[in-house]
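Inspection log for the structure reproduced underneath, given as structure tokens.
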Amino acid sequence: MTKRTAFASTIATIAAAVSLALTPPAWADPDPYIPDGNADWCPGGQHPGYGGVRYCLGEPFADGSFYAQTWSLGPSGPFGPGAWRRGAMCSVWVEGRIQGGLPRGGIPACGGRPRFLN
Numbered sequence: 001m002t003k004r005t006a007f008a009s010t011i012a013t014i015a016a017a018v019s020l021a022l023t024p025p026a027w028a029d030p031d032p033y034i035p036d037g038n039a040d041w042c043p044g045g046q047h048p049g050y051g052g053v054r055y056c057l058g059e060p061f062a063d064g065s066f067y068a069q070t071w072s073l074g075p076s077g078p079f080g081p082g083a084w085r086r087g088a089m090c091s092v093w094v095e096g097r098i099q100g101g102l103p104r105g106g107i108p109a110c111g112g113r114p115r116f117l118n
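The numbering of the sequence shown is my numbering, which starts it at 1 and goes up by one.
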């Protein structure tokens, strides 16, 4: 290999590395139905619950059901930090409260998706 060939090969390698390093990653928009409290992604809003619980809600489905992620206090109670629990549960509003079941029995549909997300 001549010096000129080695130099051209080195320049091509550097140019390829720079172009890969400077290319922005392809970020997809998150699913609006799946909430993520840790990322502050609550398309359906955040709502307080009882006893220090909060909810991060996904966008509602056509039938009114939605995924809800729960934030609760840690093992130290109100004196320690709380955290968003992993996953979400298919829920509905029942008499102004977030519930995992329907009145008179049944479970919410969430567009035919799983009832629990991890």
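Every residue, glycine too, gets a C-beta built ideally from N, C-alpha and C. Here the structure is a predicted model, which is why all the values come from computation and not from measurement.
*Mind checking who LEU57 pairs with in its DSSP beta bridge?*
In the sequence shown, the residue the question calls residue 57 occupies position 57. Answer is GLY45, ALA68.
*Mark TRP27 as exposed unless 16 or more other C-beta atoms lie within 10 angstroms of its C-beta, in which case mark it buried.*
In the sequence shown, the residue the question calls residue 27 occupies position 27. Exposed, because fewer than 16 other Cβ atoms sit within 10 Å of the Cβ of TRP27.
_Option nearest PRO48 by Cα separation, candidates ALA68, ARG115, PHE79, ASP29_ = Mapped onto the sequence shown, residue 48 falls at position 48. A check of alpha carbon separations from PRO48 across ALA68, ARG115, PHE79, ASP29 identifies ALA68 as the nearest.
*Figure out for me which residue from GLY52, SER65, PRO32 has the closest Cα to the Cα of PRO108.*
On the sequence shown, residue 108 is found 108 positions in, with the first residue counted as 1. Comparing Cα-Cα distances from PRO108 to each of GLY52, SER65, PRO32, the minimum goes to SER65.
*Hey, would you say THR70 sits closer than 8 Å to TYR50, going by beta carbons?*
Counting from one through the sequence shown, the residue named residue 70 turns up at place 70. Counting from one through the sequence shown, the residue named residue 50 turns up at place 50. It is not a contact, given that the beta carbons lie outside the stated cut-off.
*CA-to-CA distance, PHE79 to GLY106, given in whole angstroms*: By 1-based counting over the sequence shown, the position of residue 106 is 106. By 1-based counting over the sequence shown, the position of residue 79 is 79. Each residue's alpha carbon lies about 38 Å from the other.
*Residues bridged to ALA77 (per DSSP)*: Within the sequence shown, the letter at position 77 stands for residue 77. The sequence as given places Gly at residue 77; Ala does not occur at that position. Paired residues: GLY74.
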